[in-house]
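Student:
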Amino acid sequence: MVYKNIHWNDVREGEELPPYTRRIDATTVITCAIASRDFLGLHHSRELAQEAGLKDIFVNTPTFYGFAGKYLTDWTGPEGELKEISLRLMLPCFPGDTMMIKGKVARKYIEGDAYLVDLDFTLEVEAGTNCRGRATVALPASRAA
Numbered sequence: 721m722v723y724k725n726i727h728w729n730d731v732r733e734g735e736e737l738p739p740y741t742r743r744i745d746a747t748t749v750i751t752c753a754i755a756s757r758d759f760l761g762l763h764h765s766r767e768l769a770q771e772a773g774l775k776d777i778f779v780n781t782p783t784f785y786g787f788a789g790k791y792l793t794d795w796t797g798p799e800g801e802l803k804e805i806s807l808r809l810m811l812p813c814f815p816g817d818t819m820m821i822k823g824k825v826a827r828k829y830i831e832g833d834a835y836l837v838d839l840d841f842t843l844e845v846e847a848g849t850n851c852r853g854r855a856t857v858a859l860p861a862s863r864a865a
């Protein structure tokens with residue numbers, strides 16, 4: 721993704737954000753779980769995951785929030801501020817999956833002094849939609865003269 725500063729005046733409702741693709745491997749799953757202090761064996765041990773009926777270890781919830789937050793703030797650039805984010809998990813993401821993150825501007829509005837944009841986003845793997853979410857970002861109003 722190319723980093724730039726997005727300004728509220730330049731955003732249009734319905735606008736699609738550029739997609740981002742990331743290959744997930746076991747190292748990513750394990751290190752992200754450890755970084756978020758998630759020591760559940762299903763995120764670290766293939767044996768435990770398979771005993772639980774899963775095909776492999778899988779990405780934990782905080783990691784999806786991290787991937788989504790990075791995707792959205794890469795789009796806004798350094799002047800954007802992530803105000804709120806939520807997501808709903810649907811399918812697991814396993815090592816070997818390629819995850820694609822896509823987003824769309826759902827709403828653009830002013831609240832008090834804040835120039836806000838609601839963004840809908842999805843994280844998808846080959847098997848289907850991994851999770852759906854919504855975030856609110858604050859953007860600078862316009863480019864400085």
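Residue numbers (the numbering used here): 721 to 865.
All residues carry an ideal CB built from backbone N, CA and C; glycine is no exception.
Owing to the predicted nature of the structure, the values given are computational and were not obtained by experimental measurement.
Who pairs with Tyr-829 in a beta bridge, going by DSSP?
Tutor: DSSP output for Tyr-829 lists Leu-836 as bridge partner(s).
Student: Which residues in the same chain as Leu-760 place their Cβ atom closer than 8 Å to its Cβ, once the five residues preceding and following it in sequence are excluded?
Tutor: Answer for Leu-760: Ala-753, Asn-780, listed in chain order.
Student: Give the DSSP-derived three-state secondary structure of Phe-759 in the structure shown.
Tutor: If DSSP states are grouped into helix, strand and coil, Phe-759 belongs with coil.
Student: In the DSSP output, what is Leu-737 paired with across the bridge?
Tutor: DSSP lists Gly-823 as partners of Leu-737.
Student: Which residues mark the beginning and the end of the beta strand (DSSP E) in which Lys-803 is found?
Tutor: Start and end: 801 to 809.
Student: Short of 8 Å in beta carbon distance, which residues of its chain neighbour Val-731, apart from the five on each side in sequence? Order them along the chain.
Tutor: Hits under 8 Å: Val-825, Lys-828, Val-837, Leu-859.
Student: Tell me the DSSP bridge mates of Cys-851?
Tutor: Answer is Leu-809, Leu-843.
Student: Return the first residue and the last residue of the alpha helix (DSSP H) that Phe-778 is part of.
Tutor: First-last for Phe-778: undefined, no H or E at that position.
Student: In this structure, does DSSP put Arg-732 in helix, strand or coil?
Tutor: Correct three-state label for Arg-732: coil.
Student: Quick one: what does DSSP say Ala-788 is sitting in, helix, strand or coil?
Tutor: Of the three classes helix, strand and coil, the one that applies to Ala-788 here is helix, per DSSP.
Student: Tell me whether the beta-carbon of Ala-788 lies closer than 9 Å to the beta-carbon of Gly-734.
Tutor: Cβ distance not < 9 Å, so Ala-788 and Gly-734 don't count as in contact.
Student: Determine the DSSP secondary structure at Ala-769, reduced to helix, strand or coil.
Tutor: Helix, per DSSP.
Student: Measuring alpha carbon to alpha carbon, tell me which of Asn-729, Leu-737, Val-857 ends up nearest Pro-798.
Tutor: Closest option to Pro-798, Cα to Cα, is Val-857.
Student: Can you tell me whether Ala-858 is helix, strand or coil according to DSSP?
Tutor: If DSSP states are grouped into helix, strand and coil, Ala-858 belongs with the strands.
Student: Output the distance between the C-alpha atoms of Val-749 and Ser-862, rounded to the nearest integer angstrom.
Tutor: Cα-Cα distance, rounded: 39 Å.
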